[in-house]
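Comments concern the structure below.
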Amino acid sequence: DTAVSQTPKYLVTQMGNDKSIKCEQNLGHDTMYWYKQDSKKFLKIMFSYNNKELIINETVPNRFSPKSPDKAHLNLHINSLELGDSAVYFCASSQAARWANGYTFGSGTRLTVV
Amino acid sequence: QKEVEQNSGPLSVPEGAIASLNCTYSDRGSQSFFWYRQYSGKSPELIMFIYSNGDKEDGRFTAQLNKASQYVSLLIRDSQPSDSATYLCAVNLSGANNLFFGTGTRLTVIP
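Protein sequence lines, in the order shown, are assigned to chains A and B. Counting in my numbering, the first sequence runs from -6 upward without gaps. Counting in my numbering, the second sequence runs from 89 upward without gaps.
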């Protein structure tokens, strides 16, 4: 009954490969996010979708492409992986009209590019 | 200047003491403020939120907000070793549709 689930939990891959991370939420939230957490624990917003519509697209390389087939799913595809992409990627969801509840985070995907 | 700033620590307190964590933010129009706790290797979990100036208490946790000075703090009373974690301050900046996070303060409670 996980509220926000991400797969895979760990991903080790070589430079130049293409990989995807999947995220699903069963909370009925209308907004989903991708955050990147670097080795210093800094969480930086990458993308945000509201009801399948892209509302935030921060300055990230265009090798990163989000896709939201419906409001319960937000996937992240990364092309031509680079060493600097190594980080933990968190999916999160929220109900935009109810900020008091903050975000619910997924368990994270630790991506290691070798 | 970063949108949200925290002292990265580490902050060490003895068991039973009060731990005080501070956060400043750049946007005076910010409305919503959150504290998340993140254990090593885990995802952040929400522990407190505050909107209004003053104090908000929940068990051993007290959030304090001072909009004039643009800071928000978290006090943890009777600190326990299980409180050892990184504490992330997050702010919903005015006009933004997402939360901006600080870099976190690592807290260690020494038994």
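Heads up, the beta-carbon is just placed ideally off N, CA and C, and yes, glycines get one too.
Provide the residue(s) that pair with residue i in DSSP beta bridges, ordered along the chain.
i, result
"S161 of chain B", "B:N110, B:Q152"
"N180 of chain B", "B:S120"
"K60 of chain A", "A:N68"
Kindly indicate if chain B contains any beta-carbon less than 9 Å away from that of residue i.
i, result
"I14 of chain A", "no"
"T97 of chain A", "yes"
"F35 of chain A", "yes"
"T105 of chain A", "no"
"T0 of chain A", "no"
"N43 of chain A", "yes"
"K21 of chain A", "The question names Lys, but residue 21 of chain A is Gly in the sequence shown. Judged by the 9 Å Cβ criterion, G21 of chain A is not in contact with chain B."
"S100 of chain A", "yes"
At least one CB of chain A closer than 9 Å to the CB of residue i: is that the case?
i, result
"S161 of chain B", "no"
"G192 of chain B", "yes"
"N185 of chain B", "yes"
"L99 of chain B", "no"
"T174 of chain B", "yes"
"S96 of chain B", "yes"
Within the continuous beta strand (DSSP E) that includes residue i, where are the two ends?
i, result
"G142 of chain B", "142 to 146"
"T193 of chain B", "193 to 198"
"P102 of chain B", "99 to 102"
Pair every Cβ in the region 104 to 115 of chain B with every Cβ in the region 93 to 100 of chain A, then say whether three or more of these pairs are closer than 8 Å.
no
Report yes or no: do three or more beta-carbon pairs, one from the region 28 to 47 of chain A and one from the region 59 to 70 of chain A, lie closer than 8 Å?
yes
Output needed in chain order: residues of the region 125 to 158 of chain B with a Cβ under 9 Å from some Cβ in chain A.
Q126, G129, K130, S131, P132, E133, L134, F137, Y139
Give a yes or no on contact between the region 65 to 82 of chain A and the region 14 to 31 of chain A, applying the rule of three or more CB pairs nearer than 8 Å.
yes
For the region 102 to 125 of chain B, list every residue whose C-beta sits within 7 Å of some C-beta in chain A, in sequence order.
S120, F122
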